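Engineer: Chains as they are written, first to last, in our numbering: chain A, 843 to 1119; chain B, 9 to 268. Ideal Cβ positions, reconstructed from N, Cα and C, are used throughout, including at glycine. Being a predicted model, the structure only gives us computed values, none of them experimental. The structure that follows is given in the form of structure tokens.
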Amino acid sequence: MVVPVAILFFIFHTIPFLQGIFYSFTNWRGYGDWEFVGLKNYLHMFQDADILNSYLFTFKFAIISTILVNVIGLFLAIGLNAKIKFQRFLKAVYFLPYMLGTLIIGFIFNFIFAHLVPEFGIGAGIEALSVNILGTEYAWLGIVIVTVWQSLAFTTLIYLSGLQTVDQDIYEAADLDGASGFTLFRKITFPLLAPFFTINMVLSAKGFLMAFDQIVAMTNGGPGTSTTSISLLIYKKGFTGGQFAYQSANSVVLFLVVVIISIVQLRILEKREANMG
Amino acid sequence: MALAMFTIIGPLYMTLMIAVKDPSQMDSILSWPTSFHWSNFSDAWKLTNYPEKFKNTFIITGINLIFTIFTNSLAAYAITRKRSHSKFFNALYYYFISAMFIPFNVIMLPLVKQASMFNLDNLAGITFLYIIFGLPMNTFLYTGFIKKIPVAMDEAAEMDGASPLQVFWYVIFPMLKPVHATVAILSFMWTWNDFLMPLIFLSKPEQQTLQLSQYIFQGQFSTQYNLAFASYLLVILPVLLIYIFFQKWIIAGVTDGAVK
């Protein structure tokens, strides 16, 4: 049983991966003849405005979204963990966005930014809100908002499950020692949540570096190419732009970026966990 | 808290309001409709060919769930039990787990070429690929759980004359219920909501999924907001219903899956 499964996995997952690496050293356009070009694709990437822009945008977007999702998620989790009414109902509502398809959420927010926000902006006389943000240089902010809106559900839930493992006696003991408010949070809650912080940071950063659906639904990479993420660029130029081999090189770099960032995050955060524990 | 609540309910309320209005009522978007245009739903139903797309999505998701649960749990069982004394199985374990680091976008270019070569750019093919691609994550989830089941359980059943497959089927498989639930929920959400794989594999209109049909619909009817929003609701509705009924298990299942 295991061997056939492993063989199938090798054929349909590992071979395409290796093929991608192989083609990244060629000049194949996806059809016709090709020849080896060595590292030319990789070297060319450093001078390609499209590629540099997509990396710049994706990093900016991923870093800001990761920070926002984790900060807001942590506070929401603390709020939800307090003894409040309708706690289970609230939890259920908060988790809802995670269940919905990113594409549809993107369409819905596309409308909000195109019609609802400007309608409100004009009505309230706020000039900054009276235009469709997705058509301006701030389009990336719109994408951050949607991404955070959807991803918060998951992040909050993980922090919440972390908070529920915290023994309440610790707080009582700390309370007796005279600690309160922010000190409690900094000295007790946050350190105890460290492993959950690690999971959230790694998963959200990895996910955001891959962003695709919401961008297709909201800006399709525009205006211009200002919100073209790495994934979207690979999709567009790789399939229809005759850049099969070149975008394969881009995929390999994206893979390395994701692996390196994940490993670095794990290392740093685990070290921090160990220091605090 | 209340503000955060509003940001979640607000967009959904707006979606519903737009879906039940006609264009003449759109001058104030959030107001309660003066009359309800339920025909938006039937129009969207017909225009997107909803029953067909629903059937496609349902088949992909259903077959994926069934096969994933049976094949992946069995594979993970074999790997967990044999990796302590077999270098080969230990290597397999690390092979599958390390594949979690390879994002789908990275393999998609060659995969599309390969899929058309193997004739997998259709409903059956995409279902097969979902089952294969879930393997790294599911192996991770299943092995984590199976490790905690004492080997003595297997041995006792073997003493009673059960074959390894019988041990798995009668003893281990039922004990895996909590992980089955997690795997089923994660696979369901992935396949039901996935957009990228249908986009690159399913070109024939009659094979499209719900998500993909929305994308195409959006392009064709970009100004008919009421229809579009009715259509979004039709796609969201099955997920909403499932969520309302299984909410407790879903939240617990996803948390378990992530924290392990």
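Going along the chain, which residues of its own chain have a beta-carbon closer than 7 Å to the beta-carbon of LEU242/B, five neighbours each way excluded?
Structural biologist: PHE49, ALA52, TRP53 and TYR58
Engineer: Check whether the stretch 875-894 of chain A touches the stretch 1098-1114 of chain A, counting contact only when three or more Cβ pairs, one atom from each stretch, lie closer than 8 Å.
Structural biologist: The answer is no - the stretch 1098-1114 of chain A does not touch the stretch 875-894 of chain A, with fewer than three Cβ pairs under 8 Å.
Engineer: Could you name the residues of chain B that TRP991/A contacts, counting a contact when the two beta carbons are closer than 9 Å?
Structural biologist: THR15, ILE16 and PRO19
Engineer: If we ignore side chains and look at the alpha-carbon of each, how far apart do LEU184/B and SER81/B end up?
Structural biologist: 8 Å
Engineer: Going by other Cβ atoms of all chains shown within 10 Å of its Cβ, with 16 needed for buried, is GLN1089/A buried or exposed?
Structural biologist: buried
Engineer: Can you give the Cα-Cα distance for VAL986/A and ASP129/B, rounded to whole angstroms?
Structural biologist: 33 Å
Engineer: Starting from SER1068/A, find everything on chain B with Cβ-Cβ shorter than 9 Å and list it in chain order.
Structural biologist: Under the 9 Å cutoff, chain B gives no residues; its nearest Cβ is about 20 Å from SER1068/A.
Engineer: Would you kindly check if the distance between the Cβ of LEU38/B and the Cβ of MET25/B is under 8 Å?
Structural biologist: Remark: C-beta atoms of MET25/B and LEU38/B approach each other more closely than 8 Å.
Engineer: Compare the beta carbon distance of VAL844/A and ALA170/B with 8 Å and say whether it is the shorter of the two.
Structural biologist: no
Engineer: Using 8 Å as the threshold, is the C-beta distance between GLY1080/A and LEU117/B below it?
Structural biologist: Between GLY1080/A and LEU117/B, the gap from beta carbon to beta carbon is short of 8 Å.
Engineer: In chain order, what residues of the same chain lie with their CB nearer than 7 Å to the CB of PHE931/A, ignoring the 5 residues before and after it?
Structural biologist: none
Engineer: Determine the closest residue to LEU207/B out of VAL247/B, LEU131/B and TRP177/B, with distance taken between C-alpha atoms.
Structural biologist: LEU131/B
Engineer: Quick one: Cα of THR1067/A to Cα of ILE16/B, how far?
Structural biologist: 30 Å
Engineer: Assess contact between the stretch 137-146 of chain B and the stretch 847-856 of chain A, defined as three or more Cβ pairs (one per stretch) separated by less than 8 Å. Is contact present?
Structural biologist: yes
Engineer: Taking only runs that begin and end inside the stretch 208-235 of chain B, name each unbroken alpha helix (DSSP H) of 4 or more residues, in chain order.
Structural biologist: 218-228
Engineer: According to DSSP, is THR147/B helix, strand or coil?
Structural biologist: helix
Engineer: Check PHE949/A in the structure and name its three-state DSSP category.
Structural biologist: In the structure shown, PHE949/A sits in a helix (DSSP, three-state: H, G or I).
Engineer: Please report how far the alpha carbon of GLN226/B lies from the alpha carbon of LEU1074/A, in whole angstroms.
Structural biologist: 18 Å
Engineer: By Cβ distance below 7 Å, which residues in the same chain neighbour ASN869/A in space, the five residues on each side in sequence not counted?
Structural biologist: TRP876, GLU877, VAL879 and ALA1087
Engineer: Just verifying my parser: in three-state terms, what is the DSSP assignment at PHE878/A?
Structural biologist: The answer is strand: DSSP assigns PHE878/A an E or B state.
Engineer: Our contact map puts GLN1047/A next to GLN1107/A with C-beta atoms below 8 Å; I'd like the distance itself, whole angstroms only.
Structural biologist: Here the sequence assigns Ala to residue 1047/A, which means Gln is not the residue at that position. That belief holds up - the Cβ atoms of ALA1047/A and GLN1107/A are roughly 6 Å apart, short of 8 Å.
Engineer: Counting along the chain, where does the alpha helix (DSSP H) carrying TRP53/B start and finish?
Structural biologist: 47-55
Engineer: Using 8 Å as the limit for Cβ to Cβ distance, is PHE1027/A near chain B?
Structural biologist: No, because no Cβ of chain B sits closer than 8 Å to the Cβ of PHE1027/A.
Engineer: Can you give, in chain order, each stretch of the alpha helix (DSSP H) that sits fully within the stretch 993-1058 of chain A and has at least 4 residues?
Structural biologist: 1010-1018, 1023-1026 and 1036-1051
Engineer: Below 8 Å on the Cβ atoms is my contact criterion, and I expect LEU910/A with ASP1055/A to pass it. Report the Cβ-Cβ distance as a whole number of Å.
Structural biologist: Rounded, the Cβ-Cβ distance is 19 Å, inconsistent with contact.
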